[in-house]
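Peer 1: Okay, here's the structure, questions in a sec.
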Amino acid sequence: MAGFVQSEPDVEESEPLRSDANIAGPMADPVPGPRSEPGETPPPMDDTPIGRAAQQAVEAMNRAGEGLPRPEQTRVMVVANQKGGVGKTTTTVNLAASLALHGARVLVVDLDPQGNASTALGVDHHSEVPSIYDVLVESKPLSEVVQPVPDVEGLFCAPATIDLAGAEIELVSLVARESRLQRALEAYEQPLDYIFVDCPPSLGLLTVNALVAGAEVLIPIQCEYYALEGLGQLLRNVELVRGHLNPRLHISTIVLTMYDGRTRLASQVAEEVRGHFGKEVLRTNIPRSVRISEAPSYGQTVLTYDPGSSGSLSYLEAAREIALRDPHAQQTQQSQQTQQSQQARQHNQQHSTMAEGTQ
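Residues in the sequence shown are numbered consecutively from 1, following full-length UniProt numbering.
This is the structure in structure tokens:
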């Protein structure tokens, strides 16, 4: 064993380690998206859909703790779209909760016989519970049916029960059938900043009652195929109600829902809606979100179910836009500007007259 010499095995010169990109060949692109050439500055992250979404989420989180202006008068917003599945009820309850979490006093009136808004807010609405049906048909005071919403201070709900399904027929024979909700809201003595009326997916007497009672119409539109289907009839009904029953009524807000930035279709629908409605469309798009869909089954809004989710942040941002769009404040500001302009013109005229007299 002493004379044994262990020879080292022949080792071939190893090739340099290859990345997956080298294995795939020279045409492989290991990093999707735009690439910068050597010496160039890489493109900013907000140039990509993911980057833009992340940037918007960060901005929304930074603004979440900021206060919102309170409206000068109670804003009654009618949430309507006779096309089902557009996120109408979801938008109603989450916008209402967002505003309440910022200190506003908000009432949700559930006019849909299915009672989905009542369910999503965790409010009891079985057949024996006093409901909006009793207000419309039996003339019961609204204060006797309104319930506070659990977990959200300042948020209240006038629930719907299955009895509301027959209200359309019963209202036909009643006096002032189109304005019964309006009278109930006017008689409600509790101070409110916002009232959201969740309409049924139809254009019957319940929806007409909502349009007569409100001043603003909020229309949720899903970013999918056939999104604008049937919208023309709703717009015509709004015009009819404005012309004959409620001259204050106008379409103030369009909310794009179920937005998926990864699809070209969603972007095309959003572009088409913005081109048609212009400034009425909120800048914030409500994304398609599992958390938004799950929350109602737990009797919660997405704001309390998952406060940090993209859906929650989007509704907070949409509520901020709505609060900053207060039409009463805008009218007051315009009146003040007009008054200031008139005073300035009068001052200039007086100054010119004095100058001519001096000459």
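Note that beta-carbon positions come from the ideal geometry of N, C-alpha and C, so glycine has one too.
Remember, predicted model here, so these are calculated numbers, not experimental data.
Go ahead and pull the three-state DSSP assignment for Asn94.
Peer 2: The count along the sequence shown starts at 1 and reaches residue 94 at position 94. If DSSP states are grouped into helix, strand and coil, Asn94 belongs with the helices.
Peer 1: Along the chain, where does the alpha helix (DSSP H) that runs through Asn237 open and close?
Peer 2: Counting from one through the sequence shown, the residue named residue 237 turns up at place 237. Looking at the DSSP string, the run of the alpha helix (DSSP H) that includes Asn237 is Leu231 to His244.
Peer 1: Can Thr161 and Tyr133 be called in contact, C-beta distance under 7 Å?
Peer 2: Counting from one through the sequence shown, the residue named residue 161 turns up at place 161. Counting from one through the sequence shown, the residue named residue 133 turns up at place 133. Their beta carbons are under 7 Å apart, which means Thr161 touches Tyr133 by this criterion.
Peer 1: Could you pull the start and end residues of the beta strand (DSSP E) that Tyr194 belongs to?
Peer 2: Translated into positions along the sequence shown, residue 194 becomes position 194. First-last of the beta strand (DSSP E) with Tyr194: Tyr194 to Asp198.
Peer 1: Excluding the 5 residues preceding and the 5 following Ile280 in the sequence, name in chain order all residues of the same chain whose CB lies nearer than 8 Å to its CB.
Peer 2: For this step, residue 280 is matched to residue 280 along the sequence shown. The sequence as given places Glu at residue 280; Ile does not occur at that position. These residues qualify, in order along the chain: Ile251, Ser252, Thr253 and Ile254.
Peer 1: With a CB to CB cut of under 7 Å and the five nearest residues on each side skipped, what residues in its chain are close to Arg177?
Peer 2: Taking the sequence shown and counting its residues from 1, the one referred to as residue 177 is at position 177. Excluding sequence neighbours, Arg177 sits near Leu171 and Leu205.
Peer 1: Three or more beta-carbon pairs under 8 Å between the region 107 to 114 and the region 195 to 210, yes or no?
Peer 2: Touching, yes.
Peer 1: For Asn285, I'd like the list of residues in its chain whose CB is within less than 6 Å of its CB, leaving aside the five on either flank, ordered along the chain.
Peer 2: Position 285 of the sequence shown holds residue 285. Hits under 6 Å: Leu256 and Tyr259.
Peer 1: Tell me the rounded alpha-carbon separation between Leu154 and Leu231.
Peer 2: The sequence position of residue 154 within the sequence shown is 154, counting from 1. The sequence position of residue 231 within the sequence shown is 231, counting from 1. The sequence given here has Gly at residue 154, not Leu. Their backbone Cα atoms lie some 33 Å apart in a straight line.
Peer 1: Do Pro307 and Ala120 have their C-beta atoms closer together than 7 Å?
Peer 2: Along the sequence shown, one-based indexing puts residue 307 at 307. Along the sequence shown, one-based indexing puts residue 120 at 120. No, the pair does not count as a contact, with Cβ atoms beyond the cut-off.
Peer 1: Quick one: grab the DSSP three-state call for Ser314.
Peer 2: Within the sequence shown, residue 314 is the residue found at index 314, counting from 1. It is helical.
Peer 1: Reducing DSSP to helix, strand and coil, say where Val137 ends up.
Peer 2: Against the sequence shown, residue 137 aligns to sequence position 137. Of the three classes helix, strand and coil, the one that applies to Val137 here is helix, per DSSP.
Peer 1: Compute the Euclidean distance between the alpha carbons of Tyr298 and Gly87, then round it to the nearest angstrom.
Peer 2: To locate residue 298, count along the sequence shown from 1; it is residue 298. To locate residue 87, count along the sequence shown from 1; it is residue 87. If I take the Cα positions, the gap works out to 17 Å.
Peer 1: Does DSSP put Val86 in a helix, a strand or coil?
Peer 2: For the purposes of this step, residue 86 is identified with residue 86 of the sequence shown, where counting begins at 1. DSSP places Val86 in coil when its eight states are reduced to three.
Peer 1: Comparing alpha-carbon positions, which option in Arg291, Ser289 and Ala270 lies nearest Leu282?
Peer 2: Locating residue 282 in the sequence shown gives position 282, where the first residue counts as 1. Ranking Arg291, Ser289 and Ala270 by Cα distance to Leu282 puts Ala270 first.
Peer 1: Here's the rule I'm using: 16 or more other beta-carbon atoms within 10 Å means buried, otherwise exposed. How should Gly115 be labelled?
Peer 2: Counting from 1 along the sequence shown, the entry for residue 115 is found at position 115. It counts as buried.
Peer 1: What are the partner residues of Ala158, as DSSP defines its beta bridges?
Peer 2: Walking along the sequence shown from the start, residue 158 turns up at place 158. Answer by DSSP bridge pairing, in chain order: Val109.
Peer 1: Tell me which residue opens and which closes the beta strand (DSSP E) that Thr257 is part of.
Peer 2: Indexing the sequence shown from 1 puts residue 257 at position 257. Counting along the chain, the beta strand (DSSP E) containing Thr257 begins and ends at His250 to Tyr259.
Peer 1: Beta-carbon separation of residue 397 and Arg180 under 7 Å?
Peer 2: The structure shown does not extend to residue 397, since the chain is modelled only from 1 to 359, so the question has no answer here.
Peer 1: Would you report the Cα separation of Leu316 and Arg274, rounded to the nearest angstrom?
Peer 2: For this step, residue 316 is matched to residue 316 along the sequence shown. For this step, residue 274 is matched to residue 274 along the sequence shown. Their backbone Cα atoms lie some 21 Å apart in a straight line.
Peer 1: Return the chain-ordered list of same chain residues with a C-beta closer than 6 Å to the C-beta of Gln333, the five sequence neighbours on each side being excluded.
Peer 2: As a first step, residue 333 must be located in the sequence shown, where it is residue number 333. Only weak support is given to the placement of Gln333: the predicted model assigns it a pLDDT of 45, under 50, and the value that follows is read from those uncertain coordinates. Contacts found: none.
Peer 1: Per DSSP, Val78 forms a beta bridge with which residues?
Peer 2: By 1-based counting over the sequence shown, the position of residue 78 is 78. Per DSSP, Val197 and Val217.
Peer 1: In its own chain, which residues sit with a C-beta less than 7 Å from the C-beta of Ala167, not counting the 5 before and 5 after it?
Peer 2: Walking along the sequence shown from the start, residue 167 turns up at place 167. So the list reads Tyr133, Leu136, Val137 and Leu206, once near-sequence residues are dropped.
Peer 1: Applying the criterion that 16 or more other CB atoms from any shown protein chain within 10 Å of the CB defines a buried residue, is Arg236 buried or exposed?
Peer 2: Position 236 of the sequence shown holds residue 236. It is exposed - the Cβ of Arg236 has fewer than 16 other Cβ atoms within 10 Å.
Peer 1: What does the alpha-carbon distance come out to for the pair Gln147 and Gly122?
Peer 2: Here residue 147 refers to the residue found at position 147 when the sequence shown is read from its first residue. Here residue 122 refers to the residue found at position 122 when the sequence shown is read from its first residue. Each residue's alpha carbon lies about 10 Å from the other.
Peer 1: For Met77 versus Leu218, is the C-beta spacing smaller than 7 Å?
Peer 2: Position 77 of the sequence shown, counting from 1, holds the residue named residue 77. Position 218 of the sequence shown, counting from 1, holds the residue named residue 218. Yes. Within cutoff.
Peer 1: Can you give me the Cβ contacts of Arg291 inside the same chain, cut-off strictly under 6 Å, excluding the 5 residues immediately before and after it?
Peer 2: By 1-based counting over the sequence shown, the position of residue 291 is 291. Excluding residues within five positions, the ones whose Cβ falls inside 6 Å are Val302, Asp306, Ser309 and Gly311.
Peer 1: Here's the rule I'm using: 16 or more other beta-carbon atoms within 10 Å means buried, otherwise exposed. How should His102 be labelled?
Peer 2: Reading the sequence shown from its first residue, position 102 is the one you call residue 102. It is buried - the Cβ of His102 has at least 16 other Cβ atoms within 10 Å.
Peer 1: Taking only the alpha-carbon atoms, compute the straight-line gap between Arg248 and Arg320 and give it to the nearest angstrom.
Peer 2: For the purposes of this step, residue 248 is taken as residue 248 along the sequence shown, with counting starting at 1. For the purposes of this step, residue 320 is taken as residue 320 along the sequence shown, with counting starting at 1. Those two C-alpha atoms are separated by around 23 Å.
Peer 1: Checking the sheet assignment: what are the DSSP bridge partners for Pro148?
Peer 2: In the sequence shown, counting from the first residue as 1, residue 148 sits at position 148. Pro148 is bridged to Phe156.
Peer 1: With 16 as the cutoff for other CB atoms within 10 Å, does Ser98 come out buried or exposed?
Peer 2: Taking the first residue of the sequence shown as position 1, residue 98 is located at position 98. By the neighbour-count rule (16 or more Cβ atoms within 10 Å), Ser98 is buried.
Peer 1: Could you say which of Arg288, Pro327 and Glu144 lies nearest to Gly261 if we only look at CA atoms?
Peer 2: As a first step, residue 261 is located in the sequence shown; it is residue number 261 there, counting from the start. Gly261 has its Cα closest to that of Arg288, out of Arg288, Pro327 and Glu144.
Peer 1: Quick check: the Cα distance between Ala165 and Ser127, rounded to an integer number of angstroms?
Peer 2: Sequence index remark: in the sequence shown, residue 165 carries index 165 (1-based). Sequence index remark: in the sequence shown, residue 127 carries index 127 (1-based). Each residue's alpha carbon lies about 12 Å from the other.
Peer 1: Please report the straight-line C-alpha distance between Gln233 and Ser267, rounded to a whole angstrom.
Peer 2: One-based indexing of the sequence shown puts residue 233 at position 233. One-based indexing of the sequence shown puts residue 267 at position 267. If you take the alpha carbons of Gln233 and Ser267, they lie about 24 Å apart.
Peer 1: On the DSSP letters alone, give me the boundaries of the alpha helix (DSSP H) that Arg180 sits inside.
Peer 2: If you number the sequence shown from 1, residue 180 lands on position 180. Arg180 -> alpha helix (DSSP H) spans Arg180 to Ala187.
Peer 1: Tell whether a beta-carbon distance below 7 Å holds between Arg105 and Leu192.
Peer 2: Here residue 105 corresponds to residue number 105 of the sequence shown, with the count starting at 1. Here residue 192 corresponds to residue number 192 of the sequence shown, with the count starting at 1. It is a contact, given that the beta carbons lie within the stated cut-off.
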